[in-house]
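Some notes on the structure that comes next.
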Amino acid sequence: VTGAANVAFGADGAGSVTYGLSLNVANGVASGLFAVEEDADGGKGGAILLYNNNGVIEGRVGSVVYFTVAANAATGVVTLTQATLDGATPISIWHPNAANADDVVSLTGNGGAYQLNLTQTVTDGDGDTDTAVVNLAANNGGGNALNFADDGPTVGAFTDIIVPNEANAMGTGSNASFLSGADGWQS
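In terms of this note's numbering, the numbers along the sequence shown are unbroken and rise by one, the last being 762.
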């Protein structure tokens, strides 16, 4: 996410422009997103709650961080980072449309329960300040800003197939390549 409000310092001259993230409610508000629980009906796990950790917004279930939202204090560039299990495999976030392997879930304010605000603070040469705020959890005319795309499974081609020429025999050397995607397996 990038963008900035127009800045005019006025007659007092240039000072500084800084950026920060905040929630408009107390820590622990439901984000509207859910963890994946492979043993749960439909895979829907616990609610991911939002916490402001010194200006970095964390989405957590218990002590497990599923994602972070951070803003560069000097530039205002916002980064959404999905946490990983092993440095490579993302921790899964539940997507409700099982018929669409590429559906998207977003931080949308959970029906108005919260705002995730990016604030630009402008300070002029003698210390006067002004702020501009944008709610990143709202549809700001171009869609939602903070999204998680689903990662559906894929299956590769069969290789090295041996078909036995006798009744009740088991073939050997038959391999199929299955990738579960970031959401894991569910039977």
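For glycine and all other residues, C-beta sits at the position ideal for the given N, C-alpha and C.
- Message: Could you tell me the alpha carbon to alpha carbon distance between Thr-683 and Glu-633, rounded to whole angstroms?
- Response: Within the sequence shown, the letter at position 108 stands for residue 683. Within the sequence shown, the letter at position 58 stands for residue 633. Using only the alpha carbons, I get a separation of about 15 Å.
- Whole-angstrom C-beta distance between Gly-727 and Asp-763, which should lie under 8 Å: It is not possible to answer for residue 763, since the shown part of the chain is limited to 576 through 762.
- May I ask you to report which of helix, strand or coil DSSP gives Asp-616? Indexing the sequence shown from 1 puts residue 616 at position 41. Note: Asp-616 maps to helix in three-state DSSP.
- Go through its chain and collect everything with a Cβ distance to Asn-629's Cβ below 6 Å, but skip five positions before and after it. Within the sequence shown, numbered from 1, the residue matching residue 629 stands at position 54. None.
- Tell me the DSSP bridge mates of Gly-634? In the sequence shown, the residue the question calls residue 634 occupies position 59. In DSSP, Gly-634 forms a bridge with Leu-625, Phe-642.
- Task: Would you list the residues sitting across from Tyr-594 in a DSSP beta bridge?
- Result: As a first step, residue 594 is located in the sequence shown; it is residue number 19 there, counting from the start. Gln-695.
- Spell out a yes or no on whether the segment 582 to 599 and the segment 693 to 712 are touching, meaning 3 or more CB-CB pairs, one atom from each, closer than 8 Å. yes
- Message: Using the three-state DSSP reduction, which class does Pro-665 fall into: helix, strand or coil?
- Response: Translated into positions along the sequence shown, residue 665 becomes position 90. Note: Pro-665 maps to strand in three-state DSSP.
- Endpoints, beta strand (DSSP E) assigned at Val-600: In the sequence shown, residue 600 corresponds to position 25, counting from 1. From DSSP, Val-600 is part of no beta strand (DSSP E); its letter is neither H nor E.
- Indicate whether the contact test is met: 3 or more Cβ pairs, each with one atom in the segment 660 to 675 and one in the segment 705 to 721, closer than 8 Å. no
- Alpha carbon to alpha carbon, how far is Asn-675 from Asn-602? Within the sequence shown, residue 675 is the residue found at index 100, counting from 1. Within the sequence shown, residue 602 is the residue found at index 27, counting from 1. Whole-angstrom Cα-Cα distance: 32 Å.
- Gln-657, enclosing beta strand (DSSP E) - first and last residue: Along the sequence shown, one-based indexing puts residue 657 at 82. Per DSSP, the unbroken beta strand (DSSP E) holding Gln-657 starts and ends at 653 to 657.
- Task: Go ahead and label Gly-651 buried or exposed: buried means 16 or more other beta carbons lie within 10 angstroms of its beta carbon, across all protein chains shown.
- Result: Here residue 651 refers to the residue found at position 76 of the sequence shown. It is buried - the Cβ of Gly-651 has at least 16 other Cβ atoms within 10 Å.
- Could you have a look at Asn-710 and say whether DSSP puts it in helix, strand or coil? In the sequence shown, the residue the question calls residue 710 occupies position 135. DSSP places Asn-710 in strand when its eight states are reduced to three.
- Task: Determine the DSSP secondary structure at Thr-734, reduced to helix, strand or coil.
- Result: For the purposes of this step, residue 734 is taken as the residue at position 159 of the sequence shown. The answer is strand: DSSP assigns Thr-734 an E or B state.
- As assigned by DSSP and simplified to three states, the class of Asn-722: As a first step, residue 722 must be located in the sequence shown, where it is residue number 147. DSSP places Asn-722 in strand when its eight states are reduced to three.
- Query: Among the residues of its own chain, which have a CB less than 6 Å from the CB of Asp-587, if the five just before and after it don't count?
  - Reply: Walking along the sequence shown from the start, residue 587 turns up at place 12. Here the set comprises Asp-699, Gly-700, Asp-701.
- What number of angstroms, rounded off, separates the C-alpha of Ala-622 from the C-alpha of Thr-659? On the sequence shown, position 47 is the one that residue 622 refers to. On the sequence shown, position 84 is the one that residue 659 refers to. Near 18 Å, if we compare the C-alpha coordinates of Thr-659 and Ala-622.
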